[in-house]
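Inspection log for the structure reproduced underneath, given as C-alpha cells.
2 protein chains.
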Amino acid sequence: MTAGLASMAVALAEMPASGCALCVSLGGDLVWHDERLRVIVANEPGYPTWTRVIWREHVAEITDLSDVDQAHLWSVVLRIERLMREVLQPHKVNLASFGNMVPHVHWHLIPRWPDDRHFPQPSWGPVQAADGGEARAQLQQAVRDRWMDALRAALAG
Amino acid sequence: MTAGLASMAVALAEMPASGCALCVSLGGDLVWHDERLRVIVANEPGYPTWTRVIWREHVAEITDLSDVDQAHLWSVVLRIERLMREVLQPHKVNLASFGNMVPHVHWHLIPRWPDDRHFPQPSWGPVQAADGGEARAQLQQAVRDRWMDALRAALAG
Chain A
10 MTAGLASMAV
20 ALAEMPASGC
30 ALCVSLGGDL
40 VWHDERLRVI
50 VANEPGYPTW
60 TRVIWREHVA
70 EITDLSDVDQ
80 AHLWSVVLRI
90 ERLMREVLQP
100 HKVNLASFGN
110 MVPHVHWHLI
120 PRWPDDRHFP
130 QPSWGPVQAA
140 DGGEARAQLQ
150 QAVRDRWMDA
160 LRAALAG
Chain B
10 MTAGLASMAV
20 ALAEMPASGC
30 ALCVSLGGDL
40 VWHDERLRVI
50 VANEPGYPTW
60 TRVIWREHVA
70 EITDLSDVDQ
80 AHLWSVVLRI
90 ERLMREVLQP
100 HKVNLASFGN
110 MVPHVHWHLI
120 PRWPDDRHFP
130 QPSWGPVQAA
140 DGGEARAQLQ
150 QAVRDRWMDA
160 LRAALAG
C-alpha cells in the first residue's frame, strides 16, 4: 500500500471531530494504514524514528474500543516494537499513550539511546543533551529514511 | 489476597537482578499480585492514584515476554484502566512504559485532571500548577485510600 494521496485520504476519519489535530491531519509521514488505524513517523527534533500508531476514529480512551479493536491496536504496536528492536537496536523502547492535548487514541513508540535529547528521562522531560549539529541531523535523516522503508515493507508484508 | 509480608515476598522476583530497584523493592504500596506481576499504587507527589503494573521477572522489553505473558500483562493494564475510569472518572487516562532508568517491564497508569501538577503535559513534563497545600494533600490521601480499596476488591474478584 503506498502513501499516496488516495491512501492519505483513506487514513483520516471521514467525519473529523471539530478541532482534533489527528482527525484533520496525518500527524507525521504516513507509512501504512488499514481500515482501523494508521502508522506514521513523526517529525520530532532529535528523534528521527519516533513512530505513532493512530486510531482512525475519534475515540479518547483505549477502553472505549471493542476488545477486538484493542487487540488489533496492541498487535500493531507490538509488531512495530519488535521491528524497531531488530532494525534500530535501541538501548530501550518507550511506549506511551497520553492524549491530554489531543484526546484521540494514539500510541507513541520511541526508540531511545543514552545520547539522545532526554535520556534517561522520558522524551517529554527536561532536555539532557544538545542535538549535535548539522552532521548529526544528516545522519538522523538517513536513519529515518531507512526506518520508514523497513517499517513500510514489514507492515505491507 | 492480602498485602501482608508473605505476599510481598512472593511478589518480588526470587533472583533479584543486581541493582534493579524493581527487583529488590515493591516500588509502591502493593495492592495485588499473581505469579507473574504485581500492582502497586505509587507515592508520587500530586498523583495519589498513580498505579503501576510491574512484571515479576527482570525483563527489559515487553516483546521479551511470550505472547501469553504479553496478553496477560495487557489484560491487567486494561482492567485497571476500566476501573480507573469507573471509580475515579478522570479527564484522561495516561499509559506509559519507559524503563530507561529501571529496565524492568512496568506500566504506568496515571489518571489525569486539568488541575493536576503537569496537565496537559505528561507527568514527566514541566510543572504547570502547585499542589494546593495541606487541605488538598488530605483530600488526595482519602482518594488514594478509596482507590486502593476499589482496586484491591476488583482484582481479587
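Chains A and B are the protein sequences, given in the same order.
Numbers given in the working numbering equal positions in the first sequence, counted from 1, plus 9.
Numbers given in the working numbering equal positions in the second sequence, counted from 1, plus 9.
C-beta atoms are modelled at their ideal positions from N, C-alpha and C, and glycine is treated no differently.
In this text the structure is predicted, and so the values were computed from the model without any measurement.
{"Query": "Which residues mark the beginning and the end of the alpha helix (DSSP H) in which W156 (chain A) is found?", "Result": "142–165"}
{"Query": "So W64 (chain B) is in the beta strand (DSSP E); what residue range does that whole segment cover?", "Result": "60–64"}
{"Query": "Mark M93 (chain B) as exposed unless 16 or more other C-beta atoms lie within 10 angstroms of its C-beta, in which case mark it buried.", "Result": "buried"}
{"Query": "Where do the N-terminal and C-terminal ends of the beta strand (DSSP E) with I49 (chain A) fall, by residue?", "Result": "46–50"}
{"Query": "Check for me: the alpha helix (DSSP H) holding I89 (chain A) runs from which residue to which?", "Result": "76–97"}
{"Query": "Please list the partners that L87 (chain A) has in chain B, where partner means a Cβ-to-Cβ separation under 8 angstroms.", "Result": "I71, T72, Q79"}
{"Query": "Which residue marks the beginning of the beta strand (DSSP E) containing V136 (chain A), and which one marks its end?", "Result": "Taken as a continuous stretch (DSSP letters only), V136 (chain A) belongs to no beta strand (DSSP E), as it is neither H nor E."}
{"Query": "Taking the beta carbon of W122 (chain B) as the centre, do at least 16 other beta carbons fall within 10 Å, making it buried, or is it exposed?", "Result": "exposed"}
{"Query": "Among A:S75, A:G37, A:G55, which one has its Cα closest to the Cα of V62 (chain A)?", "Result": "A:G37"}
{"Query": "Please name the residue, chosen from B:R45, B:C32, B:A138, B:W59, that lies closest to L74 (chain B) on a Cα-to-Cα basis.", "Result": "B:R45"}
{"Query": "Taking 9 angstroms as the threshold (beta carbon to beta carbon), is Q130 (chain A) in contact with chain B?", "Result": "yes"}
{"Query": "So which residues of chain A does L104 (chain B) contact, with C-beta pairs closer than 9 angstroms?", "Result": "I71, L104, A105, S106, F107, W116"}
{"Query": "Do you know offhand how far A146 (chain A)'s Cα is from D140 (chain A)'s?", "Result": "8 angstroms"}
{"Query": "Is it the case that the region 83–99 of chain B contacts the region 72–88 of chain A, given that we only count it when at least three CB pairs across the two stretches are under 8 angstroms?", "Result": "yes"}
{"Query": "Assuming the contact rule is C-beta atoms closer than 8 angstroms, T58 (chain A) and V50 (chain A) should be a hit. Round their C-beta distance to whole Å, please.", "Result": "7 angstroms"}
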